[in-house]
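First residue of the sequence shown? That's 6 in the working numbering, and the numbers climb one at a time after it.
Each residue gets a CB set at the ideal place from its N, CA and C atoms; glycine is no exception.
Worksheet: the structure to be examined is printed underneath.
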Amino acid sequence: MGIQGLMSFVSSNRNFLNDIHMRNTKLIIDGNNMYHQLYFDSGLDLVHGGDYDAFTDLLNKFFESLSVCNIQAYVVFDGGCDISDKKLETQKQRIRDKIKKAYSLSTGRSGTVLPFLIRDVCLQVLRKLNVPFVQCFSEADSEIVALANLWNCPVLTFDSDFCIYDIKAGYCPMNAFQWKNICSMKGSHDCYIPARSFLAQRFCNYFNNLNLALLPLFAVLTGNDYISLPALETFFSRVHLPIGNISHSGRKHMRIQGLLNWLSGFAEVKEAMEKVMNYLHLKDRESVRQLLYSAMEEYNLNNTVNLEQFFHGGLYVSPTAVQLNVPDWVQGALAKGALCPLLSDALILRRVFLHAQVEDFRRLSVHFVTKPIRKVIYALLLNMYQSSQHELQGSKRPKQISVEEYDRLETNLRRSKVEISLISEDSDEDLRLQNLPQLPLATRLKLLLRTMEVKMTDLKSVAPAHQLTLSIVCYWIRHTDPKVKLHHFKAVLIGIVYGEIFDTLNNTEYQDDGPRVVYEQIKRIKSEGAHHKKLNLEDLHILCQWQCCVKNVLSLNQLLCKPLPEPDITRLYSGSLVYNLVQKLKTSSTTEDIFKPCPPMDTLYRDFVGAVMSAIPPDCFQNRSKSASKKSKKNAKSGNIKMPDRIKNPQQCDTTNRFAALLLDD
């Protein structure tokens, strides 16, 4: 993320960062960076699908620390992918890197991959805490900087791109923000958070009063997310960079220091740019010049959305979204985080990236289980987009359109085209995207339940708050491969009911000790299996598909304007707990009696089991034949997992084959 090597260069020189006492201020927080840094730096589970309850507690403590120091947080999230495709190759490479990291974790080695639902959990926590936040239409950097300068307050992130902007009140690196170490001011009751601050002007002064306007050129020459040109190596191989005194070693740091010293010899960008061109081959100059200027525009604060209007009046108007005719309600829902960025990517780019998790890489991607749900999402999104476009041209609506999905095949990144059949025009209701909020609740609910293959009669015995969750459980059981077994099903339900116990524990009017007894028992189960000798990849794969179902159904429910209440996902799933429960349930049927000390929780668990069992086919949990089971175990043990013949030869794939879409090359 950002400019290669710059953050470590800045951190290694005490002249570039000032110690500050942060208090009594507004603070603009880079939301994406915040949840990445908090999760990875806190030692939370990375292998079993994420411990969202622990992450929720962490977020609560983080914002409590800010509140104690009278720091008013405003969180800004990135939205969809850049529509110019300047970063497409960078995005592909990031997904490839994540696939490698997820595979490394699945084999017992190290790696860092965020669990599926982290962003959704983060948004729910912010809503509960009444922390103001916004989700931008695209990348949020320039809008964060513009707001910080408008309010004259600092920015909290850990992205070296922010070293390029002239942020008047400073950029505070997240890794130096000591929010767990609140200090008291001498002689007063005020508290502060020790932090460090970077100022671009002070940075430039260190390099012979370098013109601030030259920092974007420095960024693109060094290499950022938007540009990585082999032609620039010609420049670096020919130019003499005055390195000067350097207290740290490393080729990258020497190049950074030398380039900054070299640029300080120019008064204006145009002068420096032409000097760079002189070092390039004549045939490369014009194309490289255009690319560099185009990449530098990303640091331009002109035409940024005024986030103050959103935080003070709820108004977010993206010129790009208006130009693309995105319906007003969709723009508003995206800004409020009520729709996820994947939906805007599908709508605008007709391209989405599906992130790998810690799964069984010998099997098909876990995203395959929710392909039917995504097809409904795409159809709803593109119904409006396609029809309005063709009405203007006076032509007929095409019978099919497609969305590109980038997903893994084994450990490689593969692009597939998902063919989408548009919702027919003879439908009883007008299902175009701009009309979805006006559709009757019954129509939206029918479409949601039909997609999940559940009937409302199956859910009548369940409180509305749990209906969507149990519908997802039913879909997961029907579609997951390998097949969900009874111990997986019960472990997931125990985890869901465990999440409900927190409200009871926090209820001061509830005097019974039962919830506390249950909580302590489950806490022990969660911690006792923290270091399994060997991961059971089949269990991980099945549970990972459960989360994938949750993620995609939440997106569909949001797109349909929530015909069913959204569950509290901050306590819905604890990966390490559910994984350990699966292992215990394999050998002990008494594990599911864990709620006995708390009759209301025990009743809730039994009701959940009964509701799901009545909604799924009676043979869902029947064992396979012994011979099939032995054969599967033998293959798994030898590492020889036989892939279907249909996907062995991509060149001869039949386009009607449901596996074929996974096999199109990059």
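- Within the model, the alpha-carbon separation for Lys451 versus Ser407 is close to 25 Å.
- When rounded, the separation of the alpha-carbon atoms in Ala236 and Tyr298 is 15 Å.
- A straight line joining the alpha-carbon of Glu238 with that of Leu287 spans about 15 Å.
- Sequence-distant partners of Cys158 (beyond 5 residues in either direction) whose C-beta falls short of 7 Å from its own C-beta, in its chain, are Thr30, Lys31, Leu32, Ile33 and Ala174.
- In the three-state scheme derived from DSSP, where H, G and I count as helix and E and B as strand, Leu296 is classed as helix.
- Counting C-beta pairs with one atom in each stretch, the stretch 525-535 and the stretch 99-110 have fewer than three that are closer than 8 Å, which means they do not touch.
- With respect to Tyr480, Met457 sits close: the two C-beta atoms are nearer than 7 Å.
- The three-state secondary structure of Tyr503, taken from DSSP, is helix.
- Between the beta-carbon of Leu387 and that of Ile353 there is about 11 Å, and that puts the pair past the 8 Å contact cut.
- Taking one beta carbon from each stretch, the stretch 436-444 and the stretch 592-606 have fewer than 3 pairs nearer than 8 Å; the two do not touch.
- By the Cβ-count criterion, Arg201 is buried, with 16 or more other Cβ atoms from all chains shown falling within 10 Å of its own Cβ.
- Here Thr61 is not near Thr509, since their CB atoms are 7 Å or more apart.
- In terms of Cβ geometry, Lys133 and Val118 do not form a close pair [threshold 7 Å].
- Taking the Cβ atoms as the reference, Arg367 lies roughly 52 Å from Tyr197, outside the contact range of under 8 Å.
- Residue ranges of uninterrupted alpha helix (DSSP H) with 4 or more members are absent from the stretch 154-210; none lies entirely inside it.
- For Glu410, the enclosing beta strand (DSSP E) stretches over residues Gln405 to Leu414.
- For Tyr610, the enclosing alpha helix (DSSP H) covers residues Pro604 to Ala620.
- In the DSSP assignment, Arg437 falls outside any beta strand (DSSP E), carrying neither H nor E.
- In the DSSP assignment, Ala78 falls within the unbroken beta strand (DSSP E) covering Ile76 to Phe82.
- With respect to Pro520, Ile499 sits apart: the two C-beta atoms are not nearer than 7 Å.
- Apart from sequence neighbours up to five positions away, the residues of its chain that approach Ile482 with a beta-carbon distance below 6 Å are Val489, Ile621 and Cys625, ordered along the chain.
- Rounded to the nearest whole angstrom, the CA to CA distance from Leu548 to Gly48 is 21 Å.
- Nearest Cα to Asn229 within the set Ser421, Glu94 and Phe82: Glu94.
- Between Leu234 and the set Arg294, Lys601 and His471, the nearest pair of CA atoms involves Arg294.
- In the three-state reduction of the DSSP assignment, Ile378 falls in the helix class.
- Cβ neighbours of Val502 within its own chain (closer than 8 Å, five residues either side excluded): Phe600, Met606, Leu609, Tyr610 and Phe613.
- In this structure the stretch 137-147 touches the stretch 332-349; the number of beta carbon pairs closer than 8 Å is three or more.
- Sequence-distant partners of Arg355 (beyond 5 residues in either direction) whose C-beta falls short of 6 Å from its own C-beta, in its chain, are Val408.
- Of Pro346, Lys539 and His493, the smallest CA-CA separation from Asp87 is found for Pro346.
- Residue state for Ile100 is assigned as helix, using DSSP reduced to three classes.
- Assigned with DSSP and collapsed to three states, Ser17 falls in coil, not helix or strand.
- Within the same chain, Cβ atoms closer than 6 Å to the Cβ of Asn213 are found at Ser269, the five residues on either side in sequence being excluded.
- One alpha carbon belongs to Arg420, the other to Gln206, and they sit about 44 Å apart.
- Taking 8 Å as the upper bound for CB-CB distance, Gln314 and Met179 are not in contact here, some 27 Å apart.
- Scanning the stretch 17-65 from its first residue to its last, the whole alpha helix (DSSP H) runs of 4-plus residues come out as 36-46.
- The Cβ neighbour count for Arg243, taken over all protein chains shown within 10 Å, is under 16; the residue is labelled exposed.
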